[in-house]
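Notes for the one structure printed next.
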Amino acid sequence: MTGPDDPAWRWEFRVEDFVYARLAEAQQAAEQLPPGSRTRNTELNRIDSLYLIANQHNIWIDARGRSAASCITCTPAAGGVPCYTIRGLARLWRQHPDYQPGWNEHIDDPRQQGSTYKDYKKRTTIYQERKAELDAFYDRFDLEQVDGGERWRCKTCGAHGETWKPIPGAYDYPHAIGTAALRHPTCERSRP
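Counting the sequence shown from 1 gives a position; my numbering is that position plus 14.
Next up, the structure:
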């Protein structure tokens, strides 16, 4: 059990404090620029955007003062405490003397670079990845609604997969899309 004497004590809150302190410094510096200048307005808009991002990713604290282990919009599995968004914002000021390299070791430390690092370095969006998957599926298959579920059907030969029904209240992964190419890797064109 750690306590206040541990240098890592409540580090997750210190990351947030670090981000907000840097944003406050940046805002104060921007407010010193000539009023109405384009540079001042651009910088204040940039800072407002960063505040908006940070505000949506603060660690959630309940009415009893307990940490709920994640920001209000993320899940612990998606990055833990603090989430990758807050840690990424802190990394904007990684040259600052108060920045702790351990906050982003999954990016900065070659020994820690795993799947998060690989995803980050791909420089693709979730949309781009999903579009590639869907384009490949719809080039070969149709998605049919059957008996309250869905299944794939080959556009060439008409073969189809089993019907998958969504689980109410659970994450609804489209099994028909994810399994079609595996279950039907090749197709013989039927000749008329």
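All C-beta atoms in this analysis are idealised placements derived from N, C-alpha and C, irrespective of residue type, glycine included. Quantities reported herein were computed from a predicted structural model and do not represent experimental measurements.
Unbroken alpha helix (DSSP H) run spanning residue i, endpoints
i    : result
R142 : At residue 142 the sequence reads Gln, which differs from the Arg that was named. Its alpha helix (DSSP H) spans residues 140 to 154.
D112 : Per DSSP, D112 belongs to no alpha helix (DSSP H) and is neither H nor E.
D122 : 119 to 122
L103 : 98 to 105
Contacts around residue i, its chain only, beta-carbon distance under 8 Å, and the 5 residues preceding and following it disregarded
i    : result
Y131 : H120, I121
G162 : K179
A44  : R54, E57, L58, I61
L47  : T53, R54, E57
Cutoff 7 Å; reference residue i; Cβ partners in own chain excluding five residues on either side
i    : result
L103 : V33, L64, I67, A68
W117 : V29, R101, A104
D112 : F32
L157 : E164, W166, A190, I191
W107 : R36, Y113
One or two residues paired with residue i in a DSSP bridge
i    : result
C85  : I73
Q159 : E164
Contact set for residue i: own chain, Cβ-Cβ below 6 Å, skip 5 residues either direction
i   : result
T99 : H71
A7  : In this structure the chain extends from 15 to 206, so residue 7 is not present and cannot be described.
C88 : C97
R12 : The shown model of the chain, from 15 to 206, leaves out residue 12, and the question about it has no answer.
Could you name each continuous beta strand (DSSP E) segment of 3 residues or more that falls completely within the region 163 to 199, going from the start of the chain to the end?
163 to 168
Mind the definition here: the region 188 to 198 touches the region 145 to 154 only if three or more C-beta pairs lie below 8 Å; say whether that holds.
yes
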